[in-house]
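The block underneath contains the structure these notes are about, expressed in structure tokens.
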Amino acid sequence: MVGELAGNYSTVVLMFGFAVVAMAPALVISRMISPRKKSNPVKFLPMECGQVPTGEGRTHFMMQYYPYILMFVVFDVMAIFLYAWGSSLLEIPKIATLPMMGFLAIMFGAMAFALYQSGRRRIW
Amino acid sequence: MGTATGIIRALNSGIKHIAMKRFTLRYPEEKLKFVGDGYQFDPSTGVGIAGYKGRHMLFHDHCTGCQLCSIACEGVAEAIAMVKVPEEFKQNKKSIMPQIDYGKCVFCGLCVDACPFYALYMTNDYELSSFSKEGLIYTPAQLQVKPYVAQDSEIKISDRGATHG
Amino acid sequence: MLKDLVTPENANVFVGKLGDILEKAIGKPLGYAINWGRIWSLWPVHIETACCSVEFGAASSPRYDVERFGIIEAFGSLRQCDLVVVQGTITRKMAPRLRLVYDQMPEPKYVIAMGACAITGGLYFDSYNVLPGIDGIIPVDVYVPGCPPRPETLIQGCMLLQEKIKRMKARKFV
Amino acid sequence: MSVIAPKFKLSEFIKSLLDNIFWIILLLVLVGFPAVFMILFVIPLPVIDGELLTPFLALTWLADPTRILPVVQAFMTTDIFRVMAFPGFGFAALLAAGTIFVERKMLAKLQLRVGPFYCGKFEGILQLMGDGLKLISKEIIIPAKADKPIFWAAPVLFVAAAAAFVAFIPVAPGWVVADVDLGLLGVFAVIGFFPIITILSAWSANSKFPFIGGIRALFQMVSFEIPLILSLLGVVMLTGSLNLSEIAASQSVFPWIVFLPVGAIVFFITMLAELERIPFDLPEAESEIVAGWLTELSGMMYGLVQLGTYLKLYAFAGLFVVLFLGGWNGPMVVPPFPAELLTTGITIGPITAGPFPGLPLFTQEMLNGTLMFVLKTGGVIFFILLPRGVFPRIRVDMLLNLGWTKLIGLAFVNIFIALGLLYAGVLGPGGLQ
Amino acid sequence: MMSTETENPPEDSTEDSTEVESPPPVAKKPAAPVVIPAFEKSISDKIVEKFGDKVEVGFVKEDRVRINVGRENVHDVAEFIRDGLNYDHVESVSGVDYPQDNEIEVVYHIGSYDDSSLARQILVLATRAQRETNPIPGNDATRLPTLRDVFYSVEFHEREVFEMFGVFFEGHPDNRRLLLPEDWADLPPLRKDFTIKGR
Amino acid sequence: MGGLTSTSKGLYNKGKIGMTFKLPPGLALQKVDERIMTLNVGPQHPGSGHMRLIVQIDGDYIVACDPDPGYVHRGEEKMAEYRNYILNIPHLERPVIHDSCNVLYPYVLGSEEILGIEVPERAKYVRVIASELNRCIYIMYWLAIYGIFLGHSTMFMWPAGDRELLIDLMEKMTGARVTHAHFVPGGVRNDLPPNFEDVCLRQVNYFEKRIKEYAAIFYDNPILIARTRDTGILSRQDAIRYGTTGSVLRASGVDYDLRVKEPYDVYEELDVHTNVMKEGDSYARSKIPWLDMLESCNIIRQALQKMPKSGSVRTKLKPNPKGKGLDSVYKRVESGRGSLGCYIVSDGKVEPYRVKLSVPSFRNLIALPNLLRGEKLGNMPSVYWSLNYWPVEADR
Amino acid sequence: MADAVFLALAVITIGSAIAALELRSLIYGSIALMGTLGGVAGFFFLLDAPFVALFQIAVYVGSIAVLILFTVMLVKRELIFKKIEDKRRKFAGIGLMLIIMVSLGAVFLDSGIKTITTDEPAPDFRDIGIDFVTYYWPALILMGLILAGSVTGSLVLARREDVENDQRAN
Amino acid sequence: MTSELIDFTLVSVALLGIGIYGLAVKRNFIRMLFAVEIIINAANLNIVAFGRFLPHSGGQTMALFSIAIAAAEVAVGLSLIIVAYRMYRNVDIADFRSLKG
Ligand code: SF4
Ligand code: SF4
Ligand code: SF4
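Residue numbers (the working numbering), protein chains in the order written: chain A, 487 to 610; chain B, 111 to 275; chain C, 246 to 419; chain D, 3 to 435; chain E, 162 to 360; chain F, 135 to 530; chain G, 55 to 224; chain H, 219 to 319.
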């Protein structure tokens, strides 16, 4: 039957949904029973250590560390690929480890280069 | 390896302290004792040396209304005002006595130093918080009251740490 | 017919009546519970204004440990705090900031004026740069005198504040 | 004290409606409860223990409360119960709340002080309740230029994602919310949501400090995800399964930490980082960026994020236990269920109660497994909490360096150890386990 | 009974000090100490030798030497003090207002870390700026050359003197307000004509 | 800023002065203006204390930092011109209430010289004991805040608790926890209480034992070392050039301690050891005060031994003492933060003509913008607080 | 049951795909894109390919979406929204879309796959791992090369070694 | 009635159409990237669906490879965006055209 495996995973969604259903009312109730005063013009300004905020709030990007995010996208793929291999390791012949080692070697090379690049903070 | 030993030493030190005695003085139940070894406090009259951070105590039968305390305080915090008191004292012809505003007083004790007639003293009654500013102004009648002193805790040092008790 | 009945006014009357009933039914216990929660969870905002902050620090040290009363020292952001302990002198440069901090905090919020300086200006009553007390800029709930107050006095002030919150009315339910 | 507003406002109306719904529920419970029994005669009832539950039987609960036990038992096998109560949300939230309290008390003890003490008569036991009540009655401030939908949704989603994470953790044999073949991969998939929620929440506040914190959190979580994933590969290789229950069951003799200590250490460190605990709490570093990405969250939003954080903490600790410490395996300490309760009932003095045919609600294995699991989880949580008292916070560049060089290297060492163990025949088919 | 010593009874003249017609304070120190310490004397001699009557020795006490300079020469003298005498940092810069002389004195206390023979010594370099009755800080004649390029450590001190006395330091890169509120519009507060209330 | 264009000769051109070398060259590109963000750190900020730092950051690096003190400027120097020599005491110790004996010390020494008073021998010893105790109290508080700035909450609690041992001693001695007003021209206000020596010795010994335990959790903690080593390096030349003082100076390798170099009161008779470290980084700056505390314990023990067991502690003053005509003195002492000078000008009236406190915090502040430039944002709290800076004192 | 889930997923996926392209705000667009990706992951679940589904969530939602969000936040200038699309172009695009949909859909509906249905169990996920290192191993190596190349290339692209050129751009 | 191959195929076709529409109409690089992602997903969906209905594990393997390559592509594409943004402060394709001249 198509789609029978999906039922197992539905509980995760159920859990997720239950948390949403249980927590959203908490916010609503909180909003209902909490006092509110609107009269204050500065109250809703962004908080900035007792100063009236200046400038744009969303301009901080640690570009010095940007390569790490780029690396993450690629090596995340690699790491989960390894699971496909690792979980079936007991069933495959030993010789079949070699391609995986080759794959790892290539990735190590790339990782070494990437780490070297990201270590040079001045170019980011 | 130095890093690993350092981390383990730090963790060890932390865990060791979980077994140590607590240092906390449980304040509303226990209060620090101001008598005993090394303290300069006279529990029978309730007065301490000038410099104790507690409210003042005024002996009505000594005060002559000479205003010297008020003058001394003027250079510090202007906390003392001289007010009329209803009773008559023979040493106090003008019937004025100091009234202290603890919202201003900084507990420096210069007024105690200044009083030549041994009428004003500092005590160790420090529980002065109040809901209003007016509640902080102590009239001569209030200043006359001898503070109730129930302070009995002091630091005890043992092998497993210092505690109060 | 029915359209005439379901007008905003009628709905409002209906809701208001229900709200009243509700208020009577569970408003009181809920208010009590909320007040109880507020009493035991006073988080002071992290604003140091002058030297009294030393004794404020001492009050949260192991010896006096205000966390026993649910007061957490060194809380991060003012958006999560409910108590301003004005720790001493407010200079003219600091006053607008203090006001801003107070304004930006969420309701309900309480103020403790700690130290002679915060109450009346104290030692600096004649200084050119010091405010004579903070009543002028923010409403104060409890005054803690001293220069600086002993941590015991501060704790006593916090207990007074708890007393005061207990008597305050929690917000109406509806 | 009438509350009639001069003008009709939809929000107020909805608010009042909600109140009324609450009120109606109250009435229903009082009046409607007896009515339920009437209805019982009309609707079809479930089969329990091969026996149809008749309305008559159902009504006899009133006479004999023990007869409700089969129904309870039947209910406990449903998904709803698992999600809401036992291995799911309720249990995790309880443990999370306990963690918060224990953290405060333990930290206080380490620092030679008392911690919460007066709230609740005994040792401040009600402190959390006080905090919760306070938070729920606290105003929620939405900054003026914030992106409102995302700002509102982020705390809820955070809790929900943490709850979804909890769903994968097996507590006792058979007691897991989602018993899936690819549990571990599911965990990775769920972990991937946290950086997104964090950065969206930080971005939506439109304020400087939250955004710095969010960016830091993003970098931190993202770069520790890879060592996290890699460090668990060893276990998967040795077990040959991605099902967390199977992995736990496979450790009945040795927990994997005996063979893969390196992986366990790496996983522990990455876990600390993913949880933003000291020494890796850079996204919330007060002394640098106020409260990091939590800066603009006020009132119950903050409370929800805290709840989510501690749910996540529990889930990670549980994952550590399942993967490295043998899950529910352990010596049997819970005594077997007294059989005479089923047949003769229990006699205390003059009163005899029972027999209880519905019992036992839980099997002995399940109770023991839960006990073992909770004990081990408690131990792991202790070690997660301990660094908070011992270490200072580290810096973001140190953190990234640590994650990308040292931890990934160690994780690969761990993989090769596992490979070596497998191919040398120590473990795996024909080996020890 | 504890012993409270009451040494200072009546202090009645705290506020009104009209009894003494205060002598106009002048920089010239009349009474030199009886024993002039030798080492300190040698320091002041070196300066006098270099600059002649451009400088004036205020006093030579134990560990303290005071040099009074006119505002034209203060930069040169300071450079000589640094390069020739091995003093290397300024401990404090204080202004003193002398309304009677219509001058504001700026006093640099200069010390040395590097030279251990000078460790005890403080060289007091005093100079005077013209005082304005109606000051407009920064835009009037109350000016002095900055010593920041000679002694880096005076940077914040000079900023402070600027806002407290209105002495503008020419050549100082960053003559902004430091301690006072941003909206301070009164007289510079440490001038003598700035009186505080009730006193 | 600035300061890199120094045209002067001699000492200043020998070494590399420029902090610019620390800036990664990519960051010198300030024209990519969107990358630069201005942060207000303070005054309501857990990592600022009572001041504001205007910090410009590019990603994780600080491009410029402009300290903005003055939030506690209370005009003490102006007030001092309106009070006589005695009444000045309470407010002149407020700048650093937890180091109040030391902050009052130069003023008292100076006014003694102006008023021409001799101090009894026993009073001098009492002063030394009080001042050393106060130094420890100050450093413990400083250490506590340093701990919390580094995110180490235990390191806030332990010092803050253990310092109470010494506060207890001070309380026994003077009656007050922090603001003692104990030193007056002519001696000290109160004699030591009976049996003080034993209590003092016991608590100081225990205190010393306690602070030695901080090594494992703090000073030898590898994470702390990795975090503070090589951050905010102040070279020896720069330390001298900026005129820094106290622990900042000694951490940069300058052996300068006024208790040794210019001993006041009875320090000549005591054996004082100066702690010097070469590195000049945050770690060294944070370790020096700790070593200082151990040294202070030694000094206290010596002083307790050598102190005359009885005798007067206060020379009586005339009422309303006056100076002898126009006079000026500059006295300095080594406080918990460094050399603290007091410049008193008297014109022969009952009030001083001008009192100027040259406070170490204010002097160390000059180093801050230079140290922070090119540093990572995460280092800001540790570098800032390692300067041994107490904002209230700097503002006066 | 499966049908209801299928329908819901289809609506979510297609709806959020449209939203991803049409929402004004790029941030919301990215969130909608996440919805699309998640919806496709849901289809994978329905197709009994949980490994692919979880891989999709972990990689697409967990990392690619993060990267996209980061970039979108970085390039948040209002310039992005300034250019208004050509109306005609838009209609042409819609027409193209409809043509493709209708023609391809007709082809599929017409073809034999309409009748294909299966009752066989789904392949086990372990087969994938075995496939990887046995039959498809050259592809695996190629895959490694592509990934390595992409990380190298993107790093080389994104860095700013040519600082002077950059200044010219200002 | 359970869902069948044709249903999945139709969804995939719809996604493909939307993707092509986006690619054709949108002038914003990031949007175009979105469109590409949608197309890739449509393809993946087809692959996996056919793999399921003609039971063969190759479908899933193909999909895995495809996702991985998509990740690589996104990494490179976003780097390109960053570079372009840094140089032109704009993410409009029309402006990139000026690169030619
Ligand atoms: S208290 Fe002393 S000084 Fe004050 S008025 Fe009375 S007698 Fe005079
Ligand atoms: S203690 Fe000081 S401030 Fe208080 S009344 Fe006496 S003199 Fe005034
Ligand atoms: S009351 Fe005293 S301790 Fe507190 S701030 Fe004012 S002067 Fe400082």
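Where is the CB? At the ideal position from N, CA and C, for every residue including glycine.
- Pro353 (chain C) and Leu299 (chain D) have their C-alpha atoms some 16 Å from each other.
- Within 7 Å of the CB of Tyr373 (chain C), the CB atoms of chain E belong to Pro350, Ile357, in sequence order along the chain.
- Taking 8 Å as the CB threshold, Lys354 (chain C) stays off the interface with chain E.
- Contact between the segment 397-409 of chain F and the segment 370-377 of chain F is absent: fewer than 3 CB-CB pairs across the two stretches fall below 8 Å.
- Counting along the chain, Ile143 (chain D) sits inside no beta strand (DSSP E), nor does DSSP assign it H or E at all.
- Pro104, Phe105, Leu108, Phe109, Ile111, Ala112, Val115, Gly116, Ser117, Ala119: these are the residues of the segment 93-119 of chain G whose beta carbon lies less than 8 Å from some beta carbon of chain D, given in chain order.
- Among the CB atoms of chain C, none fall inside 8 Å of the CB of Leu339 (chain E).
- Secondary structure of Lys17 (chain D) (DSSP, three-state): helix.
- By the neighbour-count criterion, in which 16 or more other beta carbons inside 10 Å mark a residue as buried, Asn339 (chain F) falls on the exposed side.
- Ranked by how close their Cα comes to the Cα of Ser157 (chain G), the residues H:Phe252, H:Gly235, H:Ile258 have H:Gly235 in first place.
- The three-state reading of DSSP puts Leu425 (chain F) in helix, counting H, G and I together.
- Of all residues in the segment 265-295 of chain H, only Arg270, Phe271, Leu282, Ile285, Ala286, Ala289, Ala290, Val292, Ala293 place a beta-carbon less than 8 Å from a beta-carbon of chain A.
- Secondary structure in the segment 444-489 of chain F: the beta strand (DSSP E) runs of 3 residues or longer, each lying completely within the stretch, are 460-468, 473-481 in chain order.
- With a cut-off of 7 Å, the C-beta of Ile231 (chain F) is classified as near ligand 3, since at least one heavy atom of the ligand falls inside that distance.
- Around the Cβ of Ala418 (chain F), a 10 Å sphere holds 16 or more other Cβ atoms; the residue is buried.
- Collapsing the DSSP output to three states places Lys243 (chain B) in coil.
- Of all residues in the segment 424-447 of chain F, none has a C-beta nearer than 9 Å to a C-beta of chain D.
- Set against 7 Å, the gap from the CB of Phe217 (chain B) to the closest heavy atom of ligand 2 is smaller.
- The C-beta separation of Leu339 (chain E) from Glu321 (chain E) comes to about 6 Å, placing the pair in contact by the 8 Å criterion.
- In the same chain as Met374 (chain D), and ignoring 5 residues on each side of it, the C-beta atoms closer than 6 Å to its own belong to Trp330, Gly332, in chain order.
- For chain E, the residues of the segment 182-207 of chain F that bring a beta carbon within less than 7 Å of one of its beta carbons are Pro203, Gly204, His207, in chain order.
- Annotated three-state conformation of Tyr373 (chain C) is coil, per DSSP.
- Rounded to whole angstroms, Leu121 (chain B) and Phe269 (chain D) show a C-alpha spacing of 18 Å.
- Excluding sequence positions up to five before and after Leu499 (chain F), its CB lies within less than 8 Å of the CB of Pro201, Pro203, Leu521, Tyr523, Ala528, all in the same chain and listed in chain order.
- Beyond the five residues adjoining it in sequence on each side, Cys296 (chain C) comes within less than 6 Å, by CB distance, of Gly333 in the same chain, given in chain order.
- Shortest Cα-Cα distance from Val382 (chain F) to any of F:Asn218, F:Pro515, F:Trp519, F:Leu187 involves F:Trp519.
- At a cut-off of 8 Å between beta carbons, Ser297 (chain H) contacts chain A.
- Arg337, Lys338: these are the residues of the segment 332-346 of chain C whose beta carbon lies less than 7 Å from some beta carbon of chain E, given in chain order.
- Linking Ala214 (chain F) to Arg507 (chain F) through their CA atoms gives a straight-line distance of about 37 Å.
- Burial of Arg261 (chain F) is indicated by the presence of at least 16 other C-beta atoms within 10 angstroms of its C-beta.
- Ligand 3 approaches Gly367 (chain C) closely enough that one of its heavy atoms is under 7 Å from the residue's Cβ.
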